[in-house]
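Okay, structure first, notes after.
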């Protein structure tokens, strides 16, 4: 079946560092990828929708200058957390799907980001 | 705005008992509903997908029902096993391919 690969799985870095997270669809072309953030014991919250070849659409309250999204190809989307601070520590998960709305989204294994 | 609620937030059951997990959503204009499993610190594993035109889906010991008009879904897990211990998330697809998630049902199956 379809597989989404997310890398890295765990990052620990100092405050002020920029961190890039990659999301790849391994055996299908994903015109749309989604980035979510999950705090402990909370729901996954959609941060942005990434469309291949165009600008990402950010949810209300998500700073687009802080969370840079690039979807340069049909199999790769990246999320860069710029100048990360401790409050950005969270679990970030990406998903990808076919254009057909009836198909499920396929999720990566997530990235645990810890900012010291 | 679509809101998804899952009850109970947490539950513990002895091995062998059946599990019943509930999910409700506020806007019935959905395309489908998915149940996921999430292990601690891990990503999501899709368990069942129910299209808006369907009433239920089954996979092995898992059965999920959908009542779109009342905004409810139930996940049944028969004859629970310790390996079923995890958090179960319900999510609905609505609008422009957006997914709205509940906070999850945290399940512990006691051997």
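Protein chains in written order, with my numbering: chain Z, 107 to 222; chain Y, 2 to 112.
Glycine included, each C-beta is placed from N, C-alpha and C at the ideal position.
Checklist entry - Is the CB of residue 104 of chain Y under 7 Å away from at least one CB in chain Z? => result True, the Cβ-Cβ gap to chain Z drops below 7 Å.
Item to check | Same chain only: Cβ atoms within 8 Å of residue 210 of chain Z, ignoring 5 sequence neighbours per side | outcome: The beta carbon of residue 210 of chain Z sits closer than 8 Å to the beta carbons of 203 from its chain, once the five residues preceding and following it are set aside; these are given in chain order.
Next on the checklist: Could you give the first and the last residue of the continuous beta strand (DSSP E) run that contains residue 9 of chain Y?
Outcome noted: That residue, residue 9 of chain Y, is in no beta strand (DSSP E); it is neither H nor E in DSSP.
Next on the checklist: Given a cut-off of 7 Å on the beta-carbon distance, is the pair residue 256 of chain Z and residue 198 of chain Z in contact?
Outcome noted: Any question about residue 256 of chain Z goes unanswered here, given that chain Z covers just 107 to 222.
Checklist entry - Around the Cβ of residue 69 of chain Y, are there at least 16 other Cβ atoms within 10 angstroms (buried) or fewer (exposed)? => result buried
Next on the checklist: Determine whether the beta carbon atoms of residue 93 of chain Y and residue 8 of chain Y lie at a separation below 7 Å.
Outcome noted: Their beta carbons are not under 7 Å apart, which means residue 93 of chain Y does not touch residue 8 of chain Y by this criterion.
Item to check | Sequence-distant residues of the same chain with beta carbon closer than 7 Å to residue 117 of chain Y, five excluded per side | outcome: Here chain Y comprises residues numbered 2 to 112, so residue 117 of chain Y is not present and cannot be evaluated.
Next on the checklist: Tell me which residue opens and which closes the beta strand (DSSP E) that residue 178 of chain Z is part of.
Outcome noted: Start and end: 173-179.
Checklist entry - In terms of residue numbering, what span does the beta strand (DSSP E) encompassing residue 57 of chain Y cover? => result Bounds of the beta strand (DSSP E) holding residue 57 of chain Y are 57-60.
Checklist entry - Does residue 213 of chain Z come within less than 7 Å of chain Y when only Cβ atoms are used? => result yes
Checklist entry - Opposite residue 157 of chain Z in the DSSP bridges: which residues? => result The partner list for residue 157 of chain Z (beta bridge, DSSP) reads Z:138.
Next on the checklist: Looking at the secondary structure, which residues open and close the beta strand (DSSP E) in which residue 27 of chain Y lies?
Outcome noted: No beta strand (DSSP E) contains residue 27 of chain Y, which DSSP labels as neither H nor E.
Item to check | Residues in the region 132-164 of chain Z having any Cβ partner in chain Y nearer than 9 Å | outcome: 138, 140, 142, 144, 147, 148, 149, 150, 151, 152, 155, 163
Checklist entry - Applying a beta-carbon distance threshold of less than 7 Å, which residues of chain Y neighbour residue 216 of chain Z? => result 43, 44
Next on the checklist: Taking the alpha-carbon of residue 25 of chain Y as reference, which of Y:98, Y:87, Y:109, Y:65 has the nearest alpha-carbon?
Outcome noted: Of all alpha-carbon atoms in Y:98, Y:87, Y:109, Y:65, the one lying nearest the alpha-carbon of residue 25 of chain Y is that of Y:65.
Item to check | chain Y contact residues for residue 221 of chain Z, given Cβ-Cβ distances below 9 Å | outcome: None at all; the shortest Cβ gap to chain Y is about 17 Å.
Checklist entry - Which residue's Cα is closest to the Cα of residue 183 of chain Z: Z:173, Z:189, Z:190? => result Z:173
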